[in-house]
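Novice: The structure under discussion is supplied below as structure tokens; questions concerning it will follow.
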Amino acid sequence: MAAITPDVYLSMGLRSSEYDLLLKRLGREPTLTEVGMFAVMWSEHCGYKYSRPVLAFFKKYKEAMEGSGLENAGVVEIGDGLGVTMKVESHNHPSAVEPYQGAATGVGGIIRDILTMGARPIAGLNSLRFGPIRDGEDDPAVVRRNRFLFEGVVAGIAGYGNCVGVPTVGGEVFFHARFSGNPLVNAMCVGLLECDKVTTAAASGVGNPVIYLGSATGKDGIHGATFASDSLGEDNEAKRPNVQIGDPFAEKQVIEATLEALGTGAIVAIQDMGAAGLTCSTTEMASKGSVGMDVDLDLVPMRERDMTAYELMLSESQERMLAVAHLGREQEVLDVFHKWGLPAVVIGRVTDDGLVTIRRHGKIEAQVNPKVLTDECPVYETPWEEPAYFNVARSFDIGKVPVADPQESLLRLLACPNIASKRWVYRQYDSEVQTQTSVGCGAADAAVLAPRGTLKGLALAIDGNGLKTYLDPFVGGQLAVVEAARNVACTGARPVAATDGLNFGNPEKPHVFWQFHEAVRGIAEACETMETPVVSGNVSFYNQSDLGEVLPTPMIGMLGVLESAERRVGMGPLTDGALLMLVSTPLNVVPQSGLGASAYLAEIHGIENGVPVPPNVPAEHRLCRFLEKTIGDGWVEAAHDVSDGGLAVCLSEMAMASGGGLNVSLDSGDRLDAALFGEFPGWVVVVVPPARAVETAQLAERMALSATLIGAFDAGSANLTIACGDATIRVPVSSLRERYEHAIPAAMHVEA
Amino acid sequence: MNVAVLRFPGSNCDQDALCSLREDIGVGAQYVWHEEDALAGFDAVFVPGGFTYGDYLRCGAIASRSPIMDAVRRFAADGRPVIGVCNGFQVLCEAGLLPGALMQNASQKFVCDHIWLTVANRSSYWTRHVDRVLRIPIAHGEGRYVADEETLRRVEDEGRVAFRYSGPNGERDPRFNPNGSMDDIAGLVNEAGNVLGMMPHPERATKAILGGEDGRLILAGLSLVGA
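Chains as they are written, first to last, in the numbering used here: chain A, 49 to 800; chain B, 12 to 238.
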């Protein structure tokens, strides 16, 4: 056997010090297959070697790492014996290289993560970031590439999600030059299961058969996890073979077969084959169960005959699962998979020697203690440093920014792709398959599902703001949490749990690690106060390319529960004469009049500076309870939070959903533009019948919030009218819609 | 009334159809696996939507060659009710039970939306209870109905167009046609009127909490006749 030279392990992403550790732990020279296995398991993608110390901010994560492991942390009990599992996964690098397949396999991977818990995947969401798509916003070739990536990613999510029959019910898209070259593609999946049927990934029972389930293994996606743990560069195109190819038809069969096979009771443990494929599934299952595993690769279904042990262990071919069955009951599992037309083969046994042994052509190709791979990945404490730009942002002087024309600003903001309707996107997603979608994309601040078997509703949202997080990472982290919580609360749900997708640049750079550290601290603190524990998550580093590093973008997926799905509300339609009230949290500090890091400043003035307003997190918690009560009691008929573009954009969106017109009157305060476009966290517009206005204000006051009457809905009107100080905006709702609906199709050069 | 809901590899609206029929329409419904070759004991057949065999050949082409489809042909020839929705419509066309074909949407994109449907033939088994314009969900990438000129004329002359895409008041306009179907055709029936294929999903619109109940008017026929 050829000796392993430094260029071999370095090219796989292992450092010299890590290789030395490997030698020490193995006590001998490794085989090529073993080096490959170490390289993927000790990559950031699988080993979390930079993020682990910071993730300890998350209570559940810390408990899980110190206790029984992470796998069951993800089940949220919602009552009626039902549990929800959810998780976000990034597929940024594959999507930068091959957008359709990159996004499609991201969806497929996260669906299997949910399936592996024994849950039926019931909904998908996604959070996407691309470079600018409007002509003139960047170099023409870059803009064309951004559009190509955007179009391909959306088509990939649609192509996979629609076929596999998991409705895509929500998401967000944001465009910024810092994502040119390195888009962010985070897919979230939500599953529903009976709480007493949660599965485990811990292999057990010496002699029990290890069963390979699902599609055959090919040479695709080899070293995908290592690819994900490196920066994108000029050799992107050469990395196309690292991208896996998705087969949603096979995935659909895997879902049905897996759930049916779990129903037989013959399965002891199961895990999907995701990043690092057979390497990850064999070593993690053995490690979690503190057992050994003896696997004969000759038995693995293969797409090509000549595959080596190295290729088989490192392949990330999709739509595969690994299971351990009770001895003697393997045929029950095999029969179910065969009925669904899928390969299913016993490839090994659980052993008591504590080693994972991998054989190929009768030879042992790898033999390692799995715990070394899963638990002993070196952890790096990176120095972090507050970058100079943060001080500049904090001392930004809003006084030097002129007040722009309000009506023109509003129309421009509505036509900005970041704010404009994402209908062009979500119309491509089947949001209703499984017939549990009560509120789909675009009709409310969150999607609402009405699952069979319960009267409860599930509200789902995903949120994050990279620009705000860049300008103040701690506040950006907090804001992602409170906004996601507020969004589900605006449907009437109580926010109960969060999942995160943390997307950052190169963690070895001190300013990036500072961004990461601060953002995670903000998320963890906010989740604690909001009583929405982070139950799962994903970290994606090295999001940078020749065009620079991405805006630090933590995305928060939020689950809310409605006691009665029937009580859910959206943004409209409204009842004639209903009143609009602005419910708000008291803010401790309002830097830069609420215009720092705002969409107004960026889009109208071309300034990306200043800092976002820090949320009053305890008050946000009360605000969510206020919404839950008033909507649950049936007196608030619509609710929408103030987000990008401020109150004027919020009111425009409500006007478009209302079925008529709105007449609103606002205080202009110290700046007209701040009153209209300032981005104040903890602001929600609720719509109530006139008879309930006083009660609404009183309840708000009792909860240390305020509720102010700002206007009314007029079914006979076709205009949005906002009087603000001396200025008046008066626009036909049809003009708002024209701007709002056509912006993205126009940028993509297609008809709306 | 006992409805057979066919299950092919890749069907993904099978559960939706089953639940809608049982829970909302109030008739019996059972899954029937594609490898079965008989429909004994069933009074109607529902061919559900999805992506049979991944739509990797022409949509519905492989499923239309399944053993169960021979049974469906015999069942239909006996004049008994058969409905195919979305991919199920494609399967019925590929099986030769309905004329024409469904091609990629004119936009070349998958489209999920709620559209207006005007009933064009009110005398068939499936359309006899439809007395107004319906609001029904669609979700398909290949729903553009096409047929050669002669077939199209025959279908029109024989009054076999069941539904057309329209505006809320029944008005016909290209902007209300979501996929570029010829003559705005959203669904059609066979000569005897017992076999209906349609792209929109009535089974997704039988419960108020899902946003509408207009699908009941199409499926209601099942609960009003038969066993």
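Heads up, the beta-carbon is just placed ideally off N, CA and C, and yes, glycines get one too.
1. Can you tell which of 626(A), 406(A) and 681(A) has its C-alpha closest to the C-alpha of residue 739(A)?
2. From residue 238(B) to residue 230(B), what does the alpha carbon distance come to, in whole angstroms?
3. Using the Cβ count rule (16 or more neighbours within 10 Å means buried), how would you classify residue 499(A)?
4. Verify the CB distance criterion: does residue 296(A) have a CB-CB separation below 8 Å to chain B?
5. Please list the partners that residue 64(B) has in chain A, where partner means a Cβ-to-Cβ separation under 7 Å.
6. Thinking just about the alpha-carbon of each residue, which of 481(A), 442(A) and 306(A) is nearest to the one in residue 367(A)?
7. Check each residue of the region 123-134 of chain B: if its Cβ is closer than 8 Å to any Cβ of chain A, include it; give the result in chain order.
8. According to the neighbour-count rule (16 or more other Cβ atoms, all chains shown, within 10 Å of its Cβ), is residue 776(A) buried or exposed?
9. Under 8 Å between C-beta atoms, does residue 498(A) make it to chain B?
10. Within 8 Å (strictly less), CB to CB, does residue 36(B) reach chain A?
11. Can you tell me the Cα-Cα spacing of residue 768(A) and residue 104(B), whole angstroms?
12. From the DSSP output, in three-state form, read off residue 181(A) for me.
13. Following the continuous beta strand (DSSP E) through residue 220(A), name the residue where it begins and the one where it ends.
14. Please state the DSSP three-state secondary structure of residue 238(B).
15. Can you list, in chain order, the residues of the region 211-228 of chain B whose Cβ is nearer than 8 Å to any Cβ on chain A?
16. Based on Cα-Cα distance, which residue from 574(A), 541(A) and 308(A) lies nearest to residue 523(A)?
17. Relative to the alpha-carbon of residue 246(A), which residue among 347(A), 253(A), 123(A) and 203(A) has its alpha-carbon at the smallest distance?
18. Would you verify that the beta carbon of residue 7(A) is, or is not, closer than 8 Å to some beta carbon of chain B?
19. Okay, do the region 340-358 of chain A and the region 248-261 of chain A touch, 3+ Cβ pairs below 8 Å being the bar?
20. Which residue comes first and which comes last in the beta strand (DSSP E) that contains residue 503(A)?
21. Who does residue 95(B) pair with in a DSSP beta bridge?
22. Would you identify the three-state DSSP class for residue 19(B), choosing helix, strand or coil?
23. Starting from residue 31(B), find everything on chain A with Cβ-Cβ shorter than 9 Å and list it in chain order.
24. With distances taken Cα to Cα, identify the nearest neighbour of residue 16(B) among 159(B), 166(B), 220(B) and 214(B).
25. Hey, would you say residue 479(A) sits closer than 8 Å to residue 788(A), going by beta carbons?
26. Name, please, each residue of chain A whose Cβ falls closer than 8 Å to the Cβ of residue 40(B).
27. Taking residue 705(A) and residue 465(A) to be in contact with their CB atoms under 8 Å, please state how far apart those CB atoms are, rounded to whole angstroms.
28. Alpha carbon to alpha carbon, how far is residue 760(A) from residue 535(A)? Give it in angstroms, no decimals.
29. Run through DSSP, which three-state label would residue 780(A) get?
30. If you check the beta carbons only, do residue 59(B) and residue 21(B) fall under 8 Å apart?
31. Using a beta-carbon distance below 8 Å, is residue 570(A) in contact with chain B?
32. With three or more C-beta pairs closer than 8 Å as the rule, is the region 307-326 of chain A touching the region 156-167 of chain A?
33. With H, G and I counted as helix, E and B as strand and the rest as coil, what does DSSP make of residue 300(A)?
34. Looking at C-beta atoms only, is the number of pairs between the region 121-139 of chain B and the region 201-209 of chain B that lie closer than 8 Å three or more?
35. I think residue 175(A) touches residue 549(A), with their Cβ atoms under 8 Å apart; what is that distance to the nearest whole Å?
36. Can you say whether residue 801(A) is buried or exposed, counting buried as having 16 or more other CB atoms within 10 angstroms of its CB?
Specialist: On the basis of the supplied data:
1. Residue numbering aside, residue 739(A) sits at position 691 when the first sequence is read from its first letter. Of 626(A), 406(A) and 681(A), the residue nearest in Cα terms is 626(A).
2. Against the second sequence, residue 238(B) aligns to sequence position 227. Against the second sequence, residue 230(B) aligns to sequence position 219. Confidence at residue 238(B) is low in this model, with a pLDDT of 34, below 50, so its placement is unreliable and the value that follows should be read with caution. Whole-angstrom Cα-Cα distance: 15 Å.
3. Reading the first sequence from its first residue, position 451 is the one you call residue 499(A). With 16 or more other Cβ atoms inside 10 Å of its own Cβ, residue 499(A) counts as buried.
4. As a working mapping, residue 296(A) is identified with position 248 in the first sequence. At least one C-beta of chain B is nearer than 8 Å to the C-beta of residue 296(A).
5. On the second sequence, residue 64(B) is found 53 positions in, with the first residue counted as 1. In chain order: 297.
6. Here residue 367(A) is taken as the residue at index 319 of the first sequence, counted from 1. Each of 481(A), 442(A) and 306(A) was checked against the Cα of residue 367(A), and the nearest Cα belongs to 306(A).
7. Hits within the stretch, in order: 123 and 124.
8. For the purposes of this step, residue 776(A) is identified with residue 728 of the first sequence, where counting begins at 1. Residue 776(A) sits exposed, since fewer than 16 C-beta atoms from the chains shown fall within 10 Å of its C-beta.
9. Counting from 1 along the first sequence, the entry for residue 498(A) is found at position 450. Chain B, which has a Cβ nearer than 8 Å to the Cβ of residue 498(A), makes this yes.
10. Reading the second sequence from its first residue, position 25 is the one you call residue 36(B). Judged by the 8 Å Cβ criterion, residue 36(B) is not in contact with chain A.
11. The count along the first sequence starts at 1 and reaches residue 768(A) at position 720. The count along the second sequence starts at 1 and reaches residue 104(B) at position 93. Rounded to the nearest angstrom, the two C-alpha atoms are 49 Å apart.
12. The residue labelled residue 181(A) in the question sits at position 133 within the first sequence. The three-state secondary structure of residue 181(A), taken from DSSP, is coil.
13. To locate residue 220(A), count along the first sequence from 1; it is residue 172. For residue 220(A), the enclosing beta strand (DSSP E) covers residues 216-223.
14. Residue mapping note: residue 238(B) aligns to position 227 of the second sequence, counting from 1. The predicted model places residue 238(B) with a pLDDT of 34, which falls under 50 and marks its position as unreliable; any figure quoted below should be read in that light. The three-state reading of DSSP puts residue 238(B) in coil, since its state is none of H, G, I, E or B.
15. Result list: 212, 214, 215, 218, 220, 221 and 222.
16. Translated into positions along the first sequence, residue 523(A) becomes position 475. For residue 523(A), the closest C-alpha among the options 574(A), 541(A) and 308(A) is that of 574(A).
17. On the first sequence, residue 246(A) is found 198 positions in, with the first residue counted as 1. Residue 246(A) has its Cα closest to that of 123(A), out of 347(A), 253(A), 123(A) and 203(A).
18. Beyond the ends of chain A as shown, which are 49 and 800, falls residue 7(A); an answer cannot be given.
19. Cβ pair count under 8 Å is three or more, so yes.
20. Taking the first residue of the first sequence as 1, we reach residue 503(A) at position 455. According to the DSSP assignment, residue 503(A) belongs to no beta strand (DSSP E), since it is labelled neither H nor E.
21. As a position in the second sequence, residue 95(B) is number 84, starting the count at 1. According to DSSP, residue 95(B) bridges with 58(B) and 208(B).
22. The residue given as residue 19(B) occupies position 8 in the second sequence. Three-state result, residue 19(B): coil.
23. Indexing the second sequence from 1 puts residue 31(B) at position 20. Neighbours of residue 31(B) on chain A, chain order: 483.
24. Along the second sequence, one-based indexing puts residue 16(B) at 5. It is 214(B) whose Cα lies nearest to the Cα of residue 16(B).
25. Translated into the one-based positions of the first sequence, residue 479(A) becomes position 431. Translated into the one-based positions of the first sequence, residue 788(A) becomes position 740. Using a Cβ distance threshold of 8 Å, residue 479(A) and residue 788(A) do not count as a contacting pair.
26. As a position in the second sequence, residue 40(B) is number 29, starting the count at 1. Chain-ordered listing is empty here: chain A has no CB closer than 8 Å to the CB of residue 40(B), the nearest sitting near 14 Å.
27. By 1-based counting over the first sequence, the position of residue 705(A) is 657. By 1-based counting over the first sequence, the position of residue 465(A) is 417. Not really, about 20 Å apart at Cβ, beyond 8 Å.
28. One-based indexing of the first sequence puts residue 535(A) at position 487. One-based indexing of the first sequence puts residue 760(A) at position 712. Distance between the alpha carbons of residue 535(A) and residue 760(A): 22 Å.
29. Indexing the first sequence from 1 puts residue 780(A) at position 732. Secondary structure at residue 780(A): strand, using DSSP grouped into helix, strand and coil.
30. Residue numbering aside, residue 59(B) sits at position 48 when the second sequence is read from its first letter. Residue numbering aside, residue 21(B) sits at position 10 when the second sequence is read from its first letter. Not in contact: residue 59(B) and residue 21(B) (Cβ atoms no closer than 8 Å).
31. Your numbering for residue 570(A) matches position 522 in the first sequence. Cβ-Cβ to chain B under 8 Å: no for residue 570(A).
32. Yes, the region 156-167 of chain A touches the region 307-326 of chain A.
33. What you label residue 300(A) is simply residue 252 of the first sequence in a count that begins at 1. Correct three-state label for residue 300(A): helix.
34. In short, these stretches touch, since the Cβ pair count reaches three.
35. As a first step, residue 175(A) is located in the first sequence; it is residue number 127 there, counting from the start. As a first step, residue 549(A) is located in the first sequence; it is residue number 501 there, counting from the start. Right, their Cβ atoms sit about 6 Å apart.
36. The requested residue 801(A) is not part of the displayed model; chain A covers only 49 to 800.
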